[in-house]
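Before any comments, here is the structure.
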Ligand SMILES: [Cu+2]
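Numbering (our numbering), first residue to last: 19 to 200.
Structure below.
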């Protein structure tokens with residue numbers, strides 16, 4: 019965690035799966051997502067909660083209130099179910115503590131990417147990004163993995179999180195979906 023924080027404070031990009039030259043070569047556009055909450059932390063959300071972007075886009079999460087993470091639904095992250103493209107690199111920002119703390123990834127593999135905030139997943143703090151085309155595990159039902167029983171077992175997406183994901187259809191139609199409470 020310390021090294022991650024110092025990387026962030028140094029202004030570095032923490033890239034998932036790609037080195038910096040790819041970012042420079044693509045002239046990657048950057049799309050921002052804010053991580054917000056009310057004063058006592060009873061409501062927390064990503065804004066926007068849904069995004070459609072082109073492959074090669076850098077997604078940059080910035081915390082504004084409370085402490086958050088941006089963490090991919092992937093078995094590498096505490097046995098969460100796989101809800102990003104199979105060949106995409108998972109990411110986990112670690113805790114973003116101070117207002118303005120940031121974390122970035124460049125998404126290069128087409129498909130649906132579901133992600134969550136580790137301390138607030140059970141409060142429904144999740145988001146969804148579609149890169150180019152809506153394909154991959156992220157388009158499948160939340161319980162799709164029950165039939166093949168992965169080892170170690172994957173955890174269920176909590177009900178409060180399930181109901182908060184914008185639909186792929188809404189994301190494809192609007193491009194950018196703001197959370198309902200805003
Ligand atoms: Cu959070």
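For each residue, glycine too, the CB sits at the ideal point set by N, CA and C. What you are looking at is a predicted structure, and each value in this text was computed from that prediction instead of being measured.
* Reference residue 194; option with closest CA among 55, 162, 72, 56 -> Here residue 194 is taken as the residue at index 176 of the chain shown, counted from 1. That would be 72, whose Cα lies nearest to the Cα of residue 194.
* Please determine if the region 96 to 108 and the region 116 to 129 are in contact, where contact requires at least 3 C-beta pairs separated by less than 8 Å. => Yes, the region 96 to 108 is in contact with the region 116 to 129.
* How big is the Cα-Cα spacing for residue 51 and residue 169? -> Residue numbering aside, residue 51 sits at position 33 when the chain shown is read from its first letter. Residue numbering aside, residue 169 sits at position 151 when the chain shown is read from its first letter. One Cα belongs to residue 51, the other to residue 169, and the distance between them is close to 33 Å.
* Grouping DSSP H, G and I as helix and E and B as strand, with all else coil, what is residue 139? -> Sequence index remark: in the chain shown, residue 139 carries index 121 (1-based). In this structure, residue 139 counts as helix in the three-state DSSP scheme.
* **Buried versus exposed call for residue 139 [16 or more other C-beta atoms within 10 Å across all chains shown]** => Your numbering for residue 139 matches position 121 in the chain shown. Taking all protein chains in view, the Cβ of residue 139 is crowded by 16 or more other Cβ atoms within 10 Å, so the residue is classified as buried.
* Endpoints, alpha helix (DSSP H) assigned at residue 191 -> Numbered from its first residue, the chain shown carries residue 191 at position 173. That run of the alpha helix (DSSP H) goes 186 to 192.
* **Counterpart residues of residue 79 in DSSP-defined beta bridges** => Residue 79 sits at position 61 when you count from the first residue of the chain shown. According to DSSP, residue 79 bridges with 51, 121.
* To do: Name the residue from 53, 69, 197, 177 whose alpha carbon lies nearest to the alpha carbon of residue 116.
  => As a working mapping, residue 116 is identified with position 98 in the chain shown. Selected option, being the one with the closest Cα: 53.
* residue 158 burial status per 10 Å Cβ neighbour count (16 or more: buried) -> Residue numbering aside, residue 158 sits at position 140 when the chain shown is read from its first letter. The residue in question, residue 158, is exposed, as its Cβ has fewer than 16 Cβ neighbours within 10 Å.
* To do: Indicate, with yes or no, if ligand 1 has a heavy atom lying under 6 Å from the CB of residue 144.
  => Residue mapping note: residue 144 aligns to position 126 of the chain shown, counting from 1. Relative to the non-hydrogen atoms of ligand 1, the Cβ of residue 144 never comes closer than 6 Å to any of them.
* **Range covered by the alpha helix (DSSP H) that runs through residue 180** => Position 162 of the chain shown, counted from the start, is the residue given in the question as residue 180. Judged by DSSP secondary structure, residue 180 falls within the alpha helix (DSSP H) whose first and last residues are 177 to 180.
* Let me know the secondary structure DSSP gives residue 127 once reduced to three states. => As a working note, residue 127 is residue 109 in the chain shown. Here residue 127 sits in coil by DSSP.
* CB of residue 140 to nearest heavy atom of ligand 1: below 6 Å? -> Against the chain shown, residue 140 aligns to sequence position 122. Residue 140: no, Cβ never under 6 Å from ligand 1.
* **C-beta atoms of residue 152 and residue 175 nearer than 7 Å** => Mapped onto the chain shown, residue 152 falls at position 134. Mapped onto the chain shown, residue 175 falls at position 157. Not in contact: residue 152 and residue 175 (Cβ atoms no closer than 7 Å).
* **First through last residue of the beta strand (DSSP E) which encompasses residue 147** => In the chain shown, the residue the question calls residue 147 occupies position 129. For residue 147, the enclosing beta strand (DSSP E) begins and ends at 144 to 149.
* Asked: Across which residues does DSSP place residue 70 in a beta bridge pair?
  -> Residue mapping note: residue 70 aligns to position 52 of the chain shown, counting from 1. Bridge partners of residue 70 according to DSSP: 148.
* Asked: So does the region 56 to 63 actually touch the region 89 to 98, counting three or more Cβ pairs closer than 8 Å?
  -> The region 56 to 63 vs the region 89 to 98: no contact.
* To do: Could you check which residue in 108, 154, 166 has the C-alpha nearest to that of residue 186?
  => Residue numbering aside, residue 186 sits at position 168 when the chain shown is read from its first letter. Closest in C-alpha terms to residue 186, from the list 108, 154, 166, comes 154.
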